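Heads up: the structure comes next, in structure tokens.
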Amino acid sequence: MSVPEDKPKTKILLIGDTGVGKSSLGNFILKSDVFIVGDGANSVTKEIHIGCEGKDDRSDLVVIDTPTLQDTSKENESWLNEMIKYIIGQGGIQTIVIVLDFNNDILSHDLETLIEIMCNVFPFYPFWKHVCIVWTKCYCYTPKNIIESHKTMKKDFFNKQIKKRIEEITKREEIINMPLMVYVDSQPEGEDNSRSKEEIERLLKEVRGLGDIEIYRDLETKGSEYKAIIEEKYRQEDLTESDSNTIPQVKYMRREIRIGYNGIINCGDWEVVANNTNSNRVKNFFVWLLECWNHFVKGNA
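With full-length UniProt numbering as the guide, the letters of the sequence shown map in order to residues 1 to 301.
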């Protein structure tokens, strides 16, 4: 059954890490294979897919699929600014869906940065009223009691990692309501997937009732910086010492992402701040401490 042609479009923006299943979720929501789906950790979505519409009873839906933050600053600038331009042109969107892997409870550096960008692109309080979380890879054969036990863990994940990160961004404790969380298997491979279908219906009932969330910027203040975001990550490489010997090397890297008053986003180049093969032992020890903190403290927060 189709929906009336004059029914307002409901626009859904998907953000998340590589390999969590954003594209397959988009197809599942739209009931149409409009997005190319990968088979693992390598990203298939290299650019933003704007305005893909559903069919029949989903014809009022528009899904925007996004790539993960890339190492190349120009690629990031291109799709981030394309996304902003599209949302402004559409007069806003209804919801932002953070897509997470049901089997992974660690918030990555890239997703942290994306959330921080969103917090600065959209007015903060209206923004969080429009956020939903979809846990993908919650396989249709997973027992109901296992899913129910995980729901408590997922709420703890939100409070300890996402909410905590938001408070770090805004520099104050925020009163943030728990967003709607749904659990789906968007690639059931012939199995009974009625549970996931019901979860998607629950999601759509929520987002169809939301108004537009708009991007507001002072377009007269051109060229002035609004917010600078520092993104940090580690990269592990093998340093070749000879034909028969390689040394593992961990590089500590940093770059700056600037969001202007006019809504334009500029991504700086990655800079190597330090690495653990440097001859300076003090610096090596410092990098080692940062790695330990990132793994044990931040990963288990």
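Just so it is clear, CB atoms sit at the ideal spot from N, CA and C, and this is done for glycine as well.
No experiment lies behind these values; they were computed from the predicted model shown.
key: Extent of the continuous alpha helix (DSSP H) run through residue 181   = Reading the sequence shown from its first residue, position 181 is the one you call residue 181. Looking at the DSSP string, residue 181 is not in any alpha helix (DSSP H); the run it does join, the beta strand (DSSP E), is 180-183.
ask   = Based on Cα-Cα distance, which residue from 208, 104, 114 lies nearest to residue 232?
value = Taking the first residue of the sequence shown as position 1, residue 232 is located at position 232. Ranking the options by Cα distance to residue 232, first place goes to 114.
message = I need the DSSP call for residue 166, collapsed to helix, strand or coil.
response = Position 166 of the sequence shown, counted from the first residue, corresponds to residue 166. Residue 166: helix per DSSP, three-state reduction.
inquiry  = Just to confirm before moving on: does the CB-CB distance between residue 63 and residue 134 stay below 9 Å?
reply    = Locating residue 63 in the sequence shown gives position 63, counting from the first residue. Locating residue 134 in the sequence shown gives position 134, counting from the first residue. No.
ask   = Are the beta-carbon atoms belonging to residue 182 and residue 199 less than 9 Å from one another?
value = Taking the first residue of the sequence shown as 1, we reach residue 182 at position 182. Taking the first residue of the sequence shown as 1, we reach residue 199 at position 199. Closer than 9 Å, so yes.
key: Bridge-paired residues (DSSP) for residue 10   = In the sequence shown, residue 10 corresponds to position 10, counting from 1. By DSSP's assignment, residue 10 forms a beta bridge with 61.
key: Unbroken alpha helix (DSSP H) run spanning residue 113, endpoints   = Reading the sequence shown from its first residue, position 113 is the one you call residue 113. Where residue 113 is concerned, the enclosing alpha helix (DSSP H) stretches over 109-121.
task = Give the straight-line distance between the Cα atoms of residue 155 and residue 227, rounded to the nearest whole angstrom.
result = Locating residue 155 in the sequence shown gives position 155, counting from the first residue. Locating residue 227 in the sequence shown gives position 227, counting from the first residue. Cα-Cα distance, rounded: 30 Å.
Option nearest residue 98 by Cα separation, candidates 92, 130, 234, 78 = In the sequence shown, the residue the question calls residue 98 occupies position 98. Closest option to residue 98, Cα to Cα, is 130.
task = Kindly identify the DSSP beta-bridge partner or partners of residue 136.
result = Counting from 1 along the sequence shown, the entry for residue 136 is found at position 136. Answer is 101, bridged to residue 136.
ask   = How many angstroms separate the CA atom of residue 80 from the CA atom of residue 13?
value = Your numbering for residue 80 matches position 80 in the sequence shown. Your numbering for residue 13 matches position 13 in the sequence shown. When rounded, the distance between both Cα atoms is 12 Å.
key: residue 272: first and last residue of the uninterrupted alpha helix (DSSP H) it sits in   = Looking up residue 272 in the sequence shown gives position 272. In the DSSP assignment, residue 272 falls outside any alpha helix (DSSP H) and within the unbroken beta strand (DSSP E) covering 271-275.
query = For residue 388, which three-state DSSP category applies?
reply = No information on residue 388 is available, as it lies outside the stretch 1 to 301 that the chain covers here.
inquiry  = Suppose you measure from the CA of residue 256 to the CA of residue 269; what does that come to, to the nearest Å?
reply    = Your numbering for residue 256 matches position 256 in the sequence shown. Your numbering for residue 269 matches position 269 in the sequence shown. Cα to Cα, residue 256 sits roughly 8 Å from residue 269.
query = Quick one: what does DSSP say residue 31 is sitting in, helix, strand or coil?
reply = Against the sequence shown, residue 31 aligns to sequence position 31. If DSSP states are grouped into helix, strand and coil, residue 31 belongs with coil.
task = To the nearest angstrom, report how far apart residue 202 and residue 149 are at their CA atoms.
result = The residue labelled residue 202 in the question sits at position 202 within the sequence shown. The residue labelled residue 149 in the question sits at position 149 within the sequence shown. Approximately 20 Å, taken between the alpha carbons.
inquiry  = By the DSSP assignment, the alpha helix (DSSP H) with residue 265 in it spans what residues?
reply    = In the sequence shown, counting from the first residue as 1, residue 265 sits at position 265. In the DSSP annotation of this structure, residue 265 is not part of any alpha helix (DSSP H); the continuous beta strand (DSSP E) holding it starts and ends at 265-267.
inquiry  = To the nearest angstrom, how far is the alpha carbon of residue 92 from that of residue 53?
reply    = Counted from its first residue, the sequence shown places residue 92 at position 92. Counted from its first residue, the sequence shown places residue 53 at position 53. So the alpha carbons of these two residues sit roughly 16 Å apart.
task = Tell me residue 15's beta-bridge partners as DSSP assigns them.
result = Mapped onto the sequence shown, residue 15 falls at position 15. Residue 15 is bridged to 98.
key: Range of the contiguous alpha helix (DSSP H) that encloses residue 20   = Numbered from its first residue, the sequence shown carries residue 20 at position 20. That residue, residue 20, is in no alpha helix (DSSP H); it is neither H nor E in DSSP.
message = residue 24 and residue 187 - do their beta-carbons sit closer together than 9 Å?
response = For the purposes of this step, residue 187 is identified with residue 187 of the sequence shown, where counting begins at 1. For the purposes of this step, residue 24 is identified with residue 24 of the sequence shown, where counting begins at 1. Result yes, Cβ atoms of residue 187 and residue 24 sit closer than 9 Å.
inquiry  = What would DSSP say about residue 131, mapped onto helix, strand or coil?
reply    = For the purposes of this step, residue 131 is identified with residue 131 of the sequence shown, where counting begins at 1. Three-state DSSP puts residue 131 in a strand.
ask   = Between the C-alpha atoms of residue 308 and residue 207, what's the straight-line distance to the nearest angstrom?
value = As shown, the chain starts at 1 and ends at 301. That puts residue 308 outside it, with no answer to give.
task = Could you check which residue in 120, 258, 212, 144 has the C-alpha nearest to that of residue 193?
result = Translated into the one-based positions of the sequence shown, residue 193 becomes position 193. When only C-alpha atoms are compared, the closest one is 144.
message = DSSP has residue 93 in a bridge; who is on the other side?
response = In the sequence shown, counting from the first residue as 1, residue 93 sits at position 93. According to DSSP, residue 93 bridges with 213.
request  = Quick one: residues in its chain with C-beta nearer than 8 Å to the C-beta of residue 272, no 5 flanking neighbours on either side, listed in chain order?
outcome  = Stepping through the sequence shown from its first residue, residue 272 is reached at position 272. Taken in chain order, the residues that qualify are 251, 252, 253.
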